[in-house]
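Reading through the structure tokens given below for one structure.
Protein chains: 2
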Amino acid sequence: MVKFSNRMDNMKESAGVIRGLFGAMTNPGMISFGGGALAKESLPVDILREISQDILRTDSRGYEALSYGPVEGIKDLREIIATELLAPKGVQADPGNIMILTGGLEAMNLMCQLYIDPGDVILVESPTFVHSVEIFDMFQAKCVSVRMDDDGMDVEDLEEKIKAHNPKMVYVIPTFQNPTGRTLTLERRKRIAELGSKYDVIILEDDPYRDIRYSGEEIPPIKSFDRTGHTVLANSFSKIFSPGSRLGYILADKAIIDKIYDAKSATNSHTPMLPQILCAEFFKRGHYKDHHKQLCEIHRERRDAMMEALEKYFPKEAKWTYPDGGLFTWVELPKEINTTELLKESLSDPEVMVAYVAGEGFYTDGNGMGSNAMRMSFGAVPPEKIFEGMEKLGRLIKSKL
Amino acid sequence: MVKFSNRMDNMKESAGVIRGLFGAMTNPGMISFGGGALAKESLPVDILREISQDILRTDSRGYEALSYGPVEGIKDLREIIATELLAPKGVQADPGNIMILTGGLEAMNLMCQLYIDPGDVILVESPTFVHSVEIFDMFQAKCVSVRMDDDGMDVEDLEEKIKAHNPKMVYVIPTFQNPTGRTLTLERRKRIAELGSKYDVIILEDDPYRDIRYSGEEIPPIKSFDRTGHTVLANSFSKIFSPGSRLGYILADKAIIDKIYDAKSATNSHTPMLPQILCAEFFKRGHYKDHHKQLCEIHRERRDAMMEALEKYFPKEAKWTYPDGGLFTWVELPKEINTTELLKESLSDPEVMVAYVAGEGFYTDGNGMGSNAMRMSFGAVPPEKIFEGMEKLGRLIKSKL
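So the protein lines, in turn, are chains A and B.
Under our numbering, think of the first position of the first sequence as 26, with each following residue one higher.
Under our numbering, think of the first position of the second sequence as 26, with each following residue one higher.
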């Protein structure tokens with residue numbers, strides 16, 4: 026048969042890892058801390074029924090919703106992003122520099138189209154988000170990992186790696202990072218923006234969790250400290266509106282947005298219209314404020330339950346992050362426990378049946394890093410089920426020590 | 026600033042051509058035969074309001090519509106494609122070999138991810154669809170054009186070009202082709218499938234117009250003659266449901282679909298859920314039959330009006346295709362008329378103000394081919410406006426002779 030492109034060979038491993046990570050997690054008897062889903066109770070189903078009832082009319086936005094639309098996305102949604110989502114965070118954005126995408130992840134795909142030739146280096150956090158690495162692999166980038174600590178990416182190590190590897194991009198998830206739940210400090214954000222300018226490197230800031238904060242103080246995006254256009258901000262409506270709508274956006278200087286326009290047009294013409302219009306109307310009709318409040322309340326309760334359950338049921342040797350928001354905590358078990366093996370056991374033992382994502386897959390370097398770590402997502406699990414699942418999993422872990 | 030990837034240099038020209046072709050076509054006083062839009066009266070706005078009212082409920086498909094979904098698309102829509110859209114055309118498809126995409130064009134992007142390394146050859150019809158060429162350019166493919174006549178792609182020339190250029194893919198729009206409106210004959214379809222198998226070349230069959238036929242007899246897709254898995258069928262719901270929903274699909278053998286799964290996951294995770302569910306329910310509730318009938322009636326009337334107006338108002342030296350379906354006719358004017366220049370004049374003359382797409386942009390070879398041709402799209406213009414616009418444009422053309 027016809028030979029696949031070189032990039033497909035390059036992808037094999039990451040695609041395999043992901044299927045391994047997220048596969049077989051839908052058994053109904055199982056309690057899953059696996060995926061990055063939200064509480065389904067927080068999805069605005071009723072509000073969107075009402076809005077769709079209003080707009081799917083020929084004398085309203087019905088034709089617009091079903092017709093071809095602009096490559097860059099509808100204007101009112103881009104304006105809402107600028108005024109309601111970015112300006113309050115200290116990012117002054119022109120709607121003309123914003124492009125609506127089909128989910129936040131599409132930003133990474135398009136940024137690779139724009140910048141990555143085979144062999145180009147992308148610096149990533151260690152650990153980092155596997156689905157982005159899958160994209161970087163497809164574009165035959167070389168991912169080099171930068172050390173992290175509880176304050177996020179280590180900027181000294183970052184500067185050294187920039188000097189050593191001459192990267193095209195630095196990929197960073199600054200707030201409630203996936204998978205660790207860690208947040209990059211203010212000082213480091215400033216420094217990363219400066220390093221982008223100083224060394225002529227794109228800082229690709231992927232910030233989908235920032236608006237689901239349950240405690241602590243807001244920190245402005247890296248983009249707010251960018252003076253040269255080297256930082257590009259990618260964000261998503263998946264956490265604050267709904268993941269199934271696949272709505273994301275990217276903010277970049279005009280010269281970059283013009284190229285993203287071309288790459289987006291050559292990917293899928295434009296993002297579906299109905300989800301864009303529903304989302305714009307959701308904000309314009311003032312639903313976001315109450316929705317956001319309820320969203321944070323539901324997930325704060327689950328974060329708190331997860332923290333309490335870890336304390337209560339996990340061995341005292343375990344360490345974990347206390348995330349001020351987002352959906353994840355990162356748990357490190359004693360070195361002798363291999364979380365990949367543990368997961369198999371957990372899923373096959375009818376007395377346990379608790380899923381999570383094993384840590385190894387989040388490291389691009391291999392070397393067994395993360396082999397004792399696990400990403401625990403608390404978003405989709407009600408508090409009582411969090412306690413139940415963590416008790417079972419804790420018992421299994423303790424039996425190994 | 027950070028250097029763009031090599032593929033972006035490669036894209037410059039095609040992106041420029043497209044902006045030139047489709048830009049500035051939204052002046053309200055203008056009659057536009059430019060874009061490939063449908064009659065807005067044919068969009069199922071009221072039906073989708075009803076369906077969304079039913080499904081956007083927490084006790085119906087509301088959570089599903091707003092949550093993450095499968096990379097390959099929802100199962101009921103893939104089953105509908107297999108049983109209602111493909112089987113009646115002679116294509117026996119397993120829903121497991123179908124992947125839902127964000128618009129039909131995404132199929133070309135993903136197929137390039139799968140197969141195209143820089144410099145690989147793709148054979149295309151001459152003329153061909155500019156937006157697909159834009160994608161091929163982004164992937165640094167070399168497009169080589171194959172002759173066409175009124176029966177579609179010339180299969181003798183195709184075989185010669187396959188031998189001469191060792192292509193990875195042949196890109197063909199067999200039915201009511203964009204831009205010419207021509208339909209590939211049955212014999213040639215069989216032959217193209219055989220050539221794919223014989224020379225180990227992918228036949229990428231892009232067939233979005235096939236179900237809007239107004240006259241003549243249906244011809245099975247190339248895919249129905251494929252015995253080796255070399256033909257991959259891309260199709261779209263843009264013409265039979267709605268373009269703004271951005272729903273397309275691809276049918277390929279399992280080994281290829283598995284790779285498309287990986288590339289789709291690394292492009293935008295999956296296609297938005299609400300449009301998929303609305304489309305599936307539209308078929309399941311039996312709306313398609315009447316909708317399709319009305320869709321064909323509206324566009325048949327416009328096709329007929331365009332044919333009548335060409336006869337009535339265009340100079341006798343002009344030639345054009347009689348399309349049995351789809352949205353386009355391809356008009357060739359006497360050699361001395363340059364349609365790119367004519368378009369500028371038409372748009373700037375307040376007595377004319379009629380838009381179309383000039384022919385040159387649809388040829389990948391340059392050499393001034395198509396400089397006297399024009400793509401006329403009749404889908405979005407009511408019959409009386411077709412007559413009005415064609416009379417004005419005909420008068421302008423005649424004044425040049």
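All residues carry an ideal CB built from backbone N, CA and C; glycine is no exception.
In this text the structure is predicted, and so the values were computed from the model without any measurement.
At a Cβ cut of 7 Å, what residues of the segment 75 to 95 of chain B count as close to chain A, listed as they run along the chain? S77, Q78, L81, R82, T83, G87, Y88, A90, L91, S92, Y93 and G94
So which residues on chain A does Y140/B lean against when the C-beta distance must stay under 7 Å? For the purposes of this step, residue 140/B is taken as the residue at position 115 of the second sequence. Near Y140/B (Cβ distances below 7 Å), the residues of chain A are V27, F29 and S30.
How is R411/A classed by DSSP in three states: helix, strand or coil? The sequence position of residue 411/A within the first sequence is 386, counting from 1. The question names Arg, yet the displayed sequence has Ile at residue 411/A. I411/A falls in the helix class under three-state DSSP.
By Cβ distance below 6 Å, which residues in the same chain neighbour L368/B in space, the five residues on each side in sequence not counted? Counting from one through the second sequence, the residue named residue 368/B turns up at place 343. Only A383 meet the Cβ criterion.
Test item: CB-CB of D162/A and M55/A under 8 Å: On the first sequence, residue 162/A is found 137 positions in, with the first residue counted as 1. On the first sequence, residue 55/A is found 30 positions in, with the first residue counted as 1. In this structure, M55/A does not lie closer than 8 Å to D162/A by Cβ.
Is the segment 88 to 107 of chain B close to the segment 63 to 71 of chain A, with three or more CB pairs under 8 Å? yes
Checking contacts by CB at 8 Å: is N134/A closer than that to chain B? Locating residue 134/A in the first sequence gives position 109, where the first residue counts as 1. Yes, N134/A lies at the interface with chain B (some Cβ there is under 8 Å from its Cβ).
Residue interval of the beta strand (DSSP E) (run including F353/A): In the first sequence, counting from the first residue as 1, residue 353/A sits at position 328. From DSSP, the beta strand (DSSP E) with F353/A extends over F353 to E357.
At what residues does the beta strand (DSSP E) containing Y196/B begin and finish? Indexing the second sequence from 1 puts residue 196/B at position 171. Where Y196/B is concerned, the enclosing beta strand (DSSP E) stretches over M194 to V197.
Taking Cβ positions, are I147/A and M178/A nearer each other than 8 Å? As a working mapping, residue 147/A is identified with position 122 in the first sequence. As a working mapping, residue 178/A is identified with position 153 in the first sequence. Not a contact, by the Cβ cut-off of 8 Å.
If you run the structure through DSSP and keep just helix, strand and coil, what is A259/B? Taking the second sequence and counting its residues from 1, one reaches residue 259/B at position 234. A259/B falls in the strand class under three-state DSSP.
In chain A, which residues lie less than 8 Å from S270/B when you measure between Cβ atoms? Locating residue 270/B in the second sequence gives position 245, where the first residue counts as 1. Residues of chain A passing the Cβ test: L91, P297, M298 and L299.
Going along chain B in order, which residues have a C-beta closer than 9 Å to the C-beta of G60/A? If you number the first sequence from 1, residue 60/A lands on position 35. Result: Y93.
Going by DSSP, what residue range makes up the beta strand (DSSP E) through G128/A? By one-based count along the first sequence, residue 128/A stands at place 103. First-last for G128/A: undefined, no H or E at that position.
Cβ pair P204/A, R327/A closer than 8 Å: The sequence position of residue 204/A within the first sequence is 179, counting from 1. The sequence position of residue 327/A within the first sequence is 302, counting from 1. No. Outside cutoff.
Report, in whole angstroms, the separation of the C-beta atoms of E150/A and M173/A, which I expect to be a contact under 8 Å. Position 125 of the first sequence, counting from 1, holds the residue named residue 150/A. Position 148 of the first sequence, counting from 1, holds the residue named residue 173/A. Yes, they are in contact, since the Cβ atoms of E150/A and M173/A sit about 5 Å apart, within 8 Å.
Could you tell me which uninterrupted alpha helix (DSSP H) segments, each at least 4 residues in length, are contained entirely in the segment 231 to 301 of chain A, listed from first to last along the chain? 279 to 293
Rounded Cβ spacing between L358/B and N397/B (contact assumed at less than 8 Å): By one-based count along the second sequence, residue 358/B stands at place 333. By one-based count along the second sequence, residue 397/B stands at place 372. Contact flag correct, Cβ pair sits at about 5 Å.
So, does the CB of E131/A fall closer than 8 Å to a CB anywhere in chain B? Taking the first sequence and counting its residues from 1, the one referred to as residue 131/A is at position 106. Yes, because at least one Cβ of chain B sits closer than 8 Å to the Cβ of E131/A.
I99/A touches chain B at which residues, Cβ-Cβ below 7 Å? The residue you call residue 99/A lines up with position 74 of the first sequence. Those do not exist, as I99/A stays about 10 Å from chain B at its closest Cβ, beyond 7 Å.
Short CB-CB distance (under 8 Å) between L73/B and chain A: On the second sequence, position 48 is the one that residue 73/B refers to. It does: the Cβ of L73/B has a partner Cβ on chain A nearer than 8 Å.
Can I228/B and I247/B be called in contact, C-beta distance under 8 Å? To locate residue 228/B, count along the second sequence from 1; it is residue 203. To locate residue 247/B, count along the second sequence from 1; it is residue 222. Yes, they are a contact pair.
Using 8 Å as the limit for Cβ to Cβ distance, is E159/B near chain A? Against the second sequence, residue 159/B aligns to sequence position 134. Cβ-Cβ to chain A under 8 Å: yes for E159/B.
Among G269/A, T253/A, E219/A and T210/A, the one whose alpha carbon lies nearest that of E242/A: Within the first sequence, numbered from 1, the residue matching residue 242/A stands at position 217. Nearest of G269/A, T253/A, E219/A and T210/A to E242/A, Cα basis: T210/A.
Contact set between M401/B and chain A, taken where Cβ atoms lie within less than 9 Å: Along the second sequence, read from residue 1 onward, the residue named residue 401/B stands at position 376. Those within 9 Å of M401/B in chain A number zero; the least Cβ separation is about 18 Å.
Contact criterion: CB-CB distance below 8 Å. Does D287/B meet it with respect to chain A? Stepping through the second sequence from its first residue, residue 287/B is reached at position 262. With 8 Å as the cut-off, D287/B counts as an interface residue toward chain A.
Determine which residues of the segment 204 to 227 of chain A have a Cβ less than 7 Å from any Cβ of chain B, and write them out in chain order. D225, V226 and I227
In angstroms with no decimal places, state the Cα-to-Cα distance between K341/B and L372/B. Translated into the one-based positions of the second sequence, residue 341/B becomes position 316. Translated into the one-based positions of the second sequence, residue 372/B becomes position 347. Taking the straight line joining both Cα atoms gives about 23 Å.
Could one say the Cβ of M33/A lies closer than 8 Å to chain B's Cβ atoms, at least one of them? If you number the first sequence from 1, residue 33/A lands on position 8. Chain B contact via Cβ: present.
Checking contacts by CB at 8 Å: is N260/A closer than that to chain B? Indexing the first sequence from 1 puts residue 260/A at position 235. Closer than 8 Å: no.
Distance, Cα to Cα, L272/B vs L73/B? Locating residue 272/B in the second sequence gives position 247, counting from the first residue. Locating residue 73/B in the second sequence gives position 48, counting from the first residue. Taking the straight line from one Cα to the other gives about 15 Å.
Report yes if the C-beta distance between I141/B and S294/A is below 8 Å; otherwise report no. Here residue 141/B refers to the residue found at position 116 when the second sequence is read from its first residue. Here residue 294/A refers to the residue found at position 269 when the first sequence is read from its first residue. No, the Cβ-Cβ distance between I141/B and S294/A is not below 8 Å.
Contact criterion: CB-CB distance below 8 Å. Does S373/A meet it with respect to chain B? Sequence index remark: in the first sequence, residue 373/A carries index 348 (1-based). S373/A does not count as touching chain B.
Can you pull the chain A neighbours of V197/B, defined as C-beta to C-beta under 7 Å? In the second sequence, the residue the question calls residue 197/B occupies position 172. In chain order: nothing, as chain A lies at least about 16 Å away.
Sorted by chain position, which residues of the same chain lie with C-beta nearer than 7 Å to Q138/A's C-beta, five sequence neighbours on each side aside? Walking along the first sequence from the start, residue 138/A turns up at place 113. Excluding residues within five positions, the ones whose Cβ falls inside 7 Å are A288.
Does chain E have any CB closer than 8 Å to the CB of M36/A? Absent from the structure is chain E; the protein chains it does hold are A and B.
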